Structures are given as structure tokens and as C-alpha cells.
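Trainee:
Residue numbers (my numbering), protein chains in the order written: chain A, 14 to 263; chain B, 14 to 263.
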């Protein structure tokens, strides 16, 4: 068995205040660090450590290369924004472990969780995910849009709050508005909707709206969108931003 | 406006390795620390700080008392295991802000996210929550069991992976087996099921099974249960525990 190891490390939402000691230790131990370039840019490394940045469309290749480097004996970290297990690199690495050479399956593999975007976004506005909820990627790059629609319908019908990852991009400009339109047929117009952009970073922005008003124009690739359940409440506060929460009896 | 402040702080899954610097700073700043006694036991405080432990059935009272202490000018922390926003104290605090005196709404309130049990459990076994998923409390203390059944049915029908909080307790001994039985009518017997107990603590235990075999006897109050979607895969590894993951095309 190789002495190499691959650690898939969640950086959390951005600022080092949200990076766990476990994740920092995994970064410190690594010789080579792979990742999407903007995530690698967030971390400082020692001169003998090597960063190997890549584009955000090459997850499979990045995972394969990192596994191969670890099999060759390197201590390798794969960095991921937020939590690596939620629409991020942990699944891409597991896919390559399954498809790749036998050596990938004997390798030491560690996954270090991080504060996910949905948890950071929820904390920034209250507790909108305080009761049963679902988490959906609105990207139809890897699954048909009709399946996303079925999941939205089901979530609305049984009263899940919802967190949307990948709500919009230049190549997918209409999906978020289409999702809002579909949900309007099943949920009250007053259902709270939260647009949480870049939470935990310097350019953080939070907007609390309603399903009746919500517009895809208020989101970009760095936005996490939360749609409440019919039970979700907004508390207006004098001189402070509103609190959004889903009660425990929901 | 009072100089007091309430910070609702997520401790993560247990070990201090998973406590973020932001959460540690919030604990350090607090004068009074409220929480369920076993969570308070996890943290060390200075002699001038005061711990106010309470039982796990009194979330509303604990939240009210913490808010009242902050309104009186104290710097107060409310500690929560995992993430405070997921079936935990953030929603209970928001409920009291809404119901309580006007002063609760002008108070400075901060919610500091933590690594939730589901993220820690998923990381310990691979990436079972790597694609669309839902999160359900199996406790029928605060909602009818029939609603939980509808959510289970919907989740199975549209292919969500599932994370179950509060799967079982002495007062709720049959709910988890009932959920498994219901899911067996809609999902293949080979669907992976993960029992993740006390992940991130010294007595951590992980069991990977299948829906056909899964038994409620394998869970206790400290267990997070994950049920895969029909797309979820188990990778057997020589000399290592299996990896469980949900592919990105799911």
C-alpha cells in the first residue's frame, strides 16, 4: 500500500474564520494541493507546497489526477469550497475511485467536512432550514430539467423548505425563474425567499423577498437561494434585517 | 438599544477539531453560556464565565431565558451541537424572538454555523449526499407521523437521498423501522443505508448496510441515518471500509 493519501478538504464559505482546525491541519500536511483556482487562491501555503489549480468544468480530470498523485506516494489535498460532500468534489473523487485503477481503492482517502453554503446562508438570516428541507442543484448539465421540476413539485407538495445550489449561470439563465414560476403554482406568494450571495466573504449580500416577488435577476453563480415552506416566517425587526425561520412544528 | 448580544453557536459534531475559529471566538466573548448540558460539557470556559445547563426538552424556555439575559445587557452564547440551524436552537430562538417582548426584536442576534451531523456523517463514509437530497426529522413529537410518511414517500418517488435526524429514542422506538418498511415499498432493497453514530467523537461508529437489511436496532439517539437514492453506489475497498456516494448525475 502506498504511503500517499488524498484529503478532500472543505474550506467553508470563504473567510478563514469558518475553516475548521481539522481542515487547516489537512492543508498543512499536504504536499500537493489541487482545486478550482479561486478556492486555491483563498489559502496560503508554504514554499515547499505546490498548488495545482484547474478550471471549474474539469472535476473528473482533477479528481483523477489527484488520486494518481496520491497513489504515487504524495500527500495530496483536494480543496473544495463549502463542504466537499454537497455538490462538490467528494462525489467526483468517489466516482474516479470506482472507475479508476485498483490502486485508487486501496489508497488512504479522507474527507474533511466544511461549513456548507446552505448552512452559512441560513445562519446569516435566521433559521430557514430549521425543519425538514431539501437541497437541489438547479443545474441541468448533468440531469434533465424535467427531473428537477418533479423534485420542485414534490418538495412544494409535502412542505419541504428548499435550498438551491447552482441557481443560475451565463449558460443557464432561465432555470431559476422557471423554478420560481413552477413553485408559484403550488406555494403561497408570501412564501419567503432568501438570496444569500457570497456569505462569509467581504462582498456578502443578503436579500429577503417572497416567492411572489422573487426574480432570477437577483442571483448569480455565487448565490445560494432558499425558498421557505408554507410554515416559514419572517420577523420584521426595527433597525435590523428581518429574521427568517422555519418553526420546529413544520 | 441594549449592549447585550445573543450568539447561537454551532459546536460541530463533537471534537474541537471541528469547531470553527468563528465559533470559538463567540464562545470566548460570552459571559453566560446556555445549552443542553452535554453540549456545555464539551467546552472549557474561563472562571469568570458562567455555564447555565438545561435539559433537552426545554428548548423554548432555554431560548427565552438566554434572550432575556442578553436584553439585560449580558453577552450570551447559546451552544448547539452540530449546526444550530438544522433541527436545533436557532429556530427555537427565532420562535421566542417572534413571540416575546419587543426588546427581543431589537437585540443583536448572531448565528454562528457549525459542521452539522449530516455533513460529518456523509464525510465519514464518502459522499452519499453528493446530489439532491432531503433532511427529515423522524420525531413525531412536533408534527404528525402521517406528514413524515408523505415526505418519505415523496423523497423516494423523486430520487432524493435522505438524512434522518432524531431517528429513534426510548419514547419513539418504532418510527425508524416504520420508515424503513415504508421506503422498502418504493426503493430497491439494495439502496445503501448508513448508520453514523457520534461521528467526530471518541465512540464514533459507522455501519454501511442496505434498505433490505437495515434495522432500527442499529440506531440510537446519537445516530444520523442516511438512506441513498436509487443512484447511490457502494464501492467495496480491500482492507478499507466501503465508500458510499451519490453520483453527480443523479
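All C-beta atoms, glycine included, are put in the ideal place defined by N, C-alpha and C. These numbers were taken from a predicted model, which means no experiment stands behind them.
1) Quick one, which of A:115, A:230, A:48 and A:214 has its alpha-carbon nearest residue 103 (chain A)'s?
2) Output, in sequence order along the chain, the residues in the stretch 56 to 76 of chain A whose CB is closer than 8 angstroms to any CB in chain B.
3) Looking at chain B, which residues of the stretch 224 to 252 of chain A have a Cβ within less than 7 angstroms of any of its Cβ atoms?
4) Can you find a C-beta in chain A that's less than 7 angstroms from the C-beta of residue 256 (chain B)?
5) Using beta carbons (cut-off 7 angstroms, strictly below), is residue 34 (chain A) in contact with chain B?
6) Scan the stretch 99 to 112 of chain A for residues whose Cβ lies nearer than 9 angstroms to a Cβ of chain B and list them as they occur along the chain.
7) Kindly list the residues whose CB is nearer than 6 angstroms to the CB of residue 78 (chain A), restricted to its own chain and excluding five residues on each side of it in sequence; keep chain order.
8) Between the C-alpha atoms of residue 151 (chain B) and residue 87 (chain A), what's the straight-line distance to the nearest angstrom?
9) So, at 7 angstroms on beta carbons, what are the nonlocal neighbours of residue 29 (chain A) in its own chain, with the 5 sequence-adjacent residues on each side left out?
10) How big is the Cα-Cα spacing for residue 241 (chain A) and residue 228 (chain B)?
11) Would you say residue 27 (chain B) and residue 213 (chain B) are within 7 angstroms of each other, going by their C-beta atoms?
12) Specify the secondary structure class of residue 237 (chain A) as computed by DSSP and reduced to three states.
13) Assuming the contact rule is C-beta atoms closer than 8 angstroms, residue 138 (chain A) and residue 221 (chain A) should be a hit. Round their C-beta distance to whole Å, please.
14) Can you give the Cα-Cα distance for residue 99 (chain A) and residue 192 (chain A), rounded to whole angstroms?
15) Which value, in whole angstroms, describes the spacing of the CA atoms of residue 207 (chain A) and residue 50 (chain B)?
16) Any Cβ of chain A within less than 7 angstroms of the Cβ of residue 201 (chain B)?
17) Can you have a look at residue 118 (chain A) and say buried or exposed, based on whether 16 or more other CB atoms are within 10 angstroms of its CB?
18) Can you name the residues that DSSP bridges to residue 174 (chain B)?
19) By a C-beta neighbour count over all protein chains shown, 10 Å radius and 16 as the cutoff for buried, is residue 205 (chain A) buried or exposed?
20) On the DSSP bridge assignment, give the partners of residue 208 (chain B) in chain order.
21) Whose CA, out of A:37, A:18 and A:263, lies closest to the CA of residue 157 (chain B)?
22) DSSP state of residue 229 (chain B), grouped into three classes?
23) Could you compute how far the alpha carbon of residue 159 (chain B) sits from the alpha carbon of residue 189 (chain B)?
24) Does the beta carbon of residue 133 (chain A) sit closer than 7 angstroms to a beta carbon anywhere in chain B?
25) Let me know the secondary structure DSSP gives residue 182 (chain B) once reduced to three states.
26) When you compare the CB positions of residue 126 (chain A) and residue 136 (chain B), do they come within less than 7 angstroms of one another, or not?
27) How would you write the range of the alpha helix (DSSP H) that residue 191 (chain B) sits in, first residue to last?
28) Would residue 167 (chain A) pass as a contact of residue 167 (chain B) if the rule is Cβ separation under 7 angstroms?
29) Exposed or buried, which one is residue 187 (chain A) when buried takes at least 16 other CB atoms within 10 Å?
30) Let me make sure I understand the geometry here. Which of B:255, B:92 and B:153 has the alpha-carbon closest to that of residue 145 (chain A)?
31) Give me the residue from B:16, B:95 and B:17 with the minimum Cα distance to residue 53 (chain B).
Mentor: Well, looking at it:
1) The count along the first chain starts at 1 and reaches residue 103 (chain A) at position 90. Comparing Cα positions, the closest option is A:48.
2) Listed by position along the chain: 72.
3) With the criterion set as a beta carbon lying under 7 angstroms from some beta carbon of chain B, the members of the stretch 224 to 252 of chain A are 246, 248, 250, 251 and 252, in sequence order.
4) The residue labelled residue 256 (chain B) in the question sits at position 243 within the second chain. Flagged as an interface residue toward chain A: residue 256 (chain B), by a C-beta distance shorter than 7 angstroms.
5) Along the first chain, one-based indexing puts residue 34 (chain A) at 21. Under the Cβ criterion of 7 angstroms, residue 34 (chain A) is counted among the residues facing chain B.
6) When C-beta distances to chain B are compared with 9 angstroms, the residues of the stretch 99 to 112 of chain A below that value are 99, 100, 101, 102, 103, 104, 105, 106, 107, 108, 110 and 111, in chain order.
7) Taking the first chain and counting its residues from 1, the one referred to as residue 78 (chain A) is at position 65. There are no such residues.
8) Working through the second chain from its first residue, we reach residue 151 (chain B) at position 138. Working through the first chain from its first residue, we reach residue 87 (chain A) at position 74. Here the alpha carbon of residue 151 (chain B) sits roughly 43 angstroms from the alpha carbon of residue 87 (chain A).
9) Translated into the one-based positions of the first chain, residue 29 (chain A) becomes position 16. If we look at residue 29 (chain A) and ignore the five residues flanking it on each side, it has no Cβ neighbours.
10) Position 228 of the first chain, counted from the first residue, corresponds to residue 241 (chain A). Position 215 of the second chain, counted from the first residue, corresponds to residue 228 (chain B). Rounded to the nearest angstrom, the two C-alpha atoms are 33 angstroms apart.
11) Counting from 1 along the second chain, the entry for residue 27 (chain B) is found at position 14. Counting from 1 along the second chain, the entry for residue 213 (chain B) is found at position 200. Their beta carbons are under 7 angstroms apart, which means residue 27 (chain B) touches residue 213 (chain B) by this criterion.
12) Stepping through the first chain from its first residue, residue 237 (chain A) is reached at position 224. Per DSSP, reduced to three states, the secondary structure at residue 237 (chain A) is strand.
13) In the first chain, the residue the question calls residue 138 (chain A) occupies position 125. In the first chain, the residue the question calls residue 221 (chain A) occupies position 208. Your pair residue 138 (chain A) and residue 221 (chain A) checks out as a contact, with CB atoms roughly 6 angstroms apart and the cut at 8 angstroms.
14) Here the question's residue 99 (chain A) lines up with position 86 in the first chain. Here the question's residue 192 (chain A) lines up with position 179 in the first chain. If you take the alpha carbons of residue 99 (chain A) and residue 192 (chain A), they lie about 20 angstroms apart.
15) In the first chain, residue 207 (chain A) corresponds to position 194, counting from 1. In the second chain, residue 50 (chain B) corresponds to position 37, counting from 1. Their backbone Cα atoms lie some 33 angstroms apart in a straight line.
16) Reading the second chain from its first residue, position 188 is the one you call residue 201 (chain B). Taking 7 angstroms as the CB threshold, residue 201 (chain B) stays off the interface with chain A.
17) Looking up residue 118 (chain A) in the first chain gives position 105. Buried, since its Cβ has 16 or more Cβ neighbours within 10 Å.
18) One-based indexing of the second chain puts residue 174 (chain B) at position 161. In the DSSP assignment, residue 174 (chain B) forms a beta bridge with B:146.
19) As a working mapping, residue 205 (chain A) is identified with position 192 in the first chain. Buried, because 16 or more other Cβ atoms sit within 10 Å of the Cβ of residue 205 (chain A).
20) What you label residue 208 (chain B) is simply residue 195 of the second chain in a count that begins at 1. Beta-bridge pairing links residue 208 (chain B) to B:220 and B:238.
21) Here the question's residue 157 (chain B) lines up with position 144 in the second chain. Closest option to residue 157 (chain B), judged by alpha-carbon separation, among A:37, A:18 and A:263: A:263.
22) Against the second chain, residue 229 (chain B) aligns to sequence position 216. Per DSSP, reduced to three states, the secondary structure at residue 229 (chain B) is helical.
23) In the second chain, counting from the first residue as 1, residue 159 (chain B) sits at position 146. In the second chain, counting from the first residue as 1, residue 189 (chain B) sits at position 176. Cα-Cα distance, rounded: 14 angstroms.
24) Position 120 of the first chain, counting from 1, holds the residue named residue 133 (chain A). Nearest CB-CB separation between residue 133 (chain A) and chain B: below the 7 angstroms threshold.
25) As a position in the second chain, residue 182 (chain B) is number 169, starting the count at 1. When secondary structure is reduced to three states using DSSP, residue 182 (chain B) falls in the strand class.
26) Locating residue 126 (chain A) in the first chain gives position 113, where the first residue counts as 1. Locating residue 136 (chain B) in the second chain gives position 123, where the first residue counts as 1. Closer than 7 angstroms, so yes.
27) Here the question's residue 191 (chain B) lines up with position 178 in the second chain. Following the DSSP letters along the chain, one finds residue 191 (chain B) inside the alpha helix (DSSP H) bounded by residues 188 to 197.
28) Taking the first chain and counting its residues from 1, the one referred to as residue 167 (chain A) is at position 154. Taking the second chain and counting its residues from 1, the one referred to as residue 167 (chain B) is at position 154. Going by C-beta atoms, residue 167 (chain A) is nearer than 7 angstroms to residue 167 (chain B).
29) Translated into the one-based positions of the first chain, residue 187 (chain A) becomes position 174. Classification for residue 187 (chain A): exposed.
30) Working through the first chain from its first residue, we reach residue 145 (chain A) at position 132. Closest by alpha carbon: B:153.
31) Walking along the second chain from the start, residue 53 (chain B) turns up at place 40. When only C-alpha atoms are compared, the closest one is B:95.
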